[in-house]
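Quick notes on the structure that follows.
Residue numbers (our numbering), protein chains in the order written: chain G, 1 to 305; chain X, 1001 to 1226.
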């Protein structure tokens, strides 16, 4: 217990007396943590945009005029049982007509033509949303399959717009998965680079203390007694760098929230504030672990001589 | 206490640091090891501290073969030896007080013991007024006295001083030697290496003379003869 207290105290004292070297290490760790935070925010923007785009993709089944509603409901409930389907919304013929009128209310000739016909020329339709863009194919295949046909689908389905949209959906699908893979790869590379730079910086700060470590060994200090304060110092780099990083990102996200919200469709400042605790934990953990593990590894070389 | 049995150390073909050295140091002795630069004095010290391994032969500390010790046991051995170097080897980012306290912490002494002993030892080497100074704020003589304070604070059985006066002026040299004599009078074994004739002659104790890695003289109450 006394040992632990002494180690922690020595870590703080060394940090304070380290002066410029300590702050240089903090700066490098701050840069690493900033990269991590920036990537977290970027991923948020990316996944938000992708979700927005995905949300715009759907498949609609148009039914013939006068198709019996119970058959449609039957098809709807069997569609809902498919694991790929996220949501099926039913729009009846009457609702379709009302929506049509609403949409064309300023288009007088169309409305007049509609009034002229008297009866409803529109059929009901089902709007299907898949969980993933890539799953529309499966759903479309289901509609073509015997299952759907025995439910009487063939007789009542006018058309399914999947085949018209197929090209767009396929292309979007490959763009989304490509963007996700690329984003992940870039994230990984940047994080690895920053970790290597941080590790080397901390190695340098310990290299400066090489002589001191030798003296400590000669005086008879145990390995824990020598290594401990350096690891505490590493942890302090992490904590201070975390505070600096989170503080820096406050005005940055505020500015981006103000100027880029319309472009991204996501207010980064709101996102930053509402996820502050998660970001704090992630950054703090990365910083402290990075500092401690780097110190641990860097000092090993001088202890095993 | 210390036994060298046919110890040789060869760094490379032409550089023989120790050549078949056999001698022993009894408890309570004050031994001066003298010789020109490069005679093997520092290598001899490094053998005792296990900072370096002999090419041949064995070195015993009491009944323990120093070079057969594992890392943890070596640490324990080093705690029984106080070391003073020519270049002081102080911890530069610690104050005088902390430098001495560090040696006590390494042995797991309590805060009370540290608070009681450190000022006392610093007073003993006449640094009572420099307790909170950093090494770079002290003169060479003061730094060396601080190094001695650190070496003796744990009351080691053996003090090894490797050219402790090498960087000091005559007055500081005299003071440092007096401190070593006092330590020896209190029963601690002292091994001191030096090439300073005045130091050796003033001590009037055993002198071991090295030349080219060999012991050429070993006198009970010797003088510096080279």
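Each residue gets a CB set at the ideal place from its N, CA and C atoms; glycine is no exception.
Beta-carbon within less than 6 Å of residue 97/G's beta-carbon, same chain only, minus the 5 sequence neighbours each way: which residues are those? Correct list, in chain order: 120 and 122.
Using a cut-off of 9 Å between C-beta atoms, extract the partners of residue 1105/X located in chain G. Correct list: 2, 3, 6, 10, 221 and 225.
CB-CB under 6 Å to residue 199/G, same chain, minus the five flanking residues each way: which ones, in chain order? 294
Distance between residue 1194/X and residue 1032/X (C-alpha atoms, nearest Å): 7 Å
What residue range does the alpha helix (DSSP H) around residue 244/G cover? 223-264
Who are residue 1218/X's beta bridge partners in DSSP? 1208/X
Against residue 1075/X, what residues of chain G qualify as contacts under a CB-to-CB distance less than 7 Å, listed in chain order? 220 and 222
Just to confirm the assignment, what range does the beta strand (DSSP E) spanning residue 1005/X have? 1002-1012
Short of 9 Å Cβ to Cβ, which residues in the stretch 13-26 of chain G face chain X? 13, 14, 17 and 18
Using the C-alpha atoms, what's the distance from residue 1209/X back to residue 1225/X? 8 Å
When DSSP builds the beta bridges, which residues end up paired with residue 1084/X? 1161/X
Excluding the five sequence neighbours on either side, which residues of its own chain have a C-beta within less than 6 Å of the C-beta of residue 369/G, listed in chain order? Because residue 369/G is not part of the residues shown, which for chain G are 1 to 305, the question remains open.
Under 8 Å, with one C-beta from each stretch per pair, do the stretch 24-42 of chain G and the stretch 279-293 of chain G reach the 3-pair mark? yes
Compile a chain-ordered list of the residues in the stretch 181-213 of chain G whose CB is closer than 7 Å to at least one CB of chain X. Flagged, chain order: 212.
From this set, 1157/X, 1126/X and 1160/X, which residue's C-alpha is nearest residue 1146/X's C-alpha? The shortest C-alpha separation from residue 1146/X is found at 1126/X.
Between the stretch 1004-1020 of chain X and the stretch 266-279 of chain G, do at least 3 Cβ pairs fall closer than 8 Å? no
Can you give the beta carbon distance from residue 126/G to residue 88/G, rounded, assuming they're within the 8 Å contact cut? 6 Å
Could you tell me which of 1028/X, 1053/X and 1201/X sits nearest to residue 1004/X, measuring between CA atoms? Comparing alpha-carbon positions, the option among 1028/X, 1053/X and 1201/X lying closest to residue 1004/X turns out to be 1053/X.
Of the listed residues 218/G, 42/G, 100/G and 86/G, nearest to residue 1089/X (C-alpha basis): 218/G
DSSP-derived helix/strand/coil call for residue 1057/X: strand
Would residue 1060/X pass as a contact of residue 1096/X if the rule is Cβ separation under 9 Å? Against a cut-off of 9 Å, the Cβ pair of residue 1096/X and residue 1060/X comes out as no contact.
DSSP state of residue 74/G mapped onto helix, strand, coil: helix
Within the continuous alpha helix (DSSP H) that includes residue 1202/X, where are the two ends? 1197-1203
Between residue 1053/X and chain G, is there a C-beta pair that is closer than 9 Å? Using a CB distance cut-off of 9 Å, residue 1053/X does not count as an interface residue toward chain G.
Excluding the 5 residues preceding and the 5 following residue 1080/X in the sequence, name in chain order all residues of the same chain whose CB lies nearer than 6 Å to its CB. 1156 and 1157
Beta carbon of residue 60/G nearer than 9 Å to that of residue 173/G: no
Given 8 Å, three or more beta-carbon pairs between the stretch 222-242 of chain G and the stretch 1-11 of chain G: Cβ pair count under 8 Å is three or more, so yes.
Report the option in 209/G, 273/G and 297/G whose CA atom is closest to the CA atom of residue 17/G. 209/G
Spell out whether any CB of chain G is found under 9 Å from the CB atom of residue 1089/X. yes
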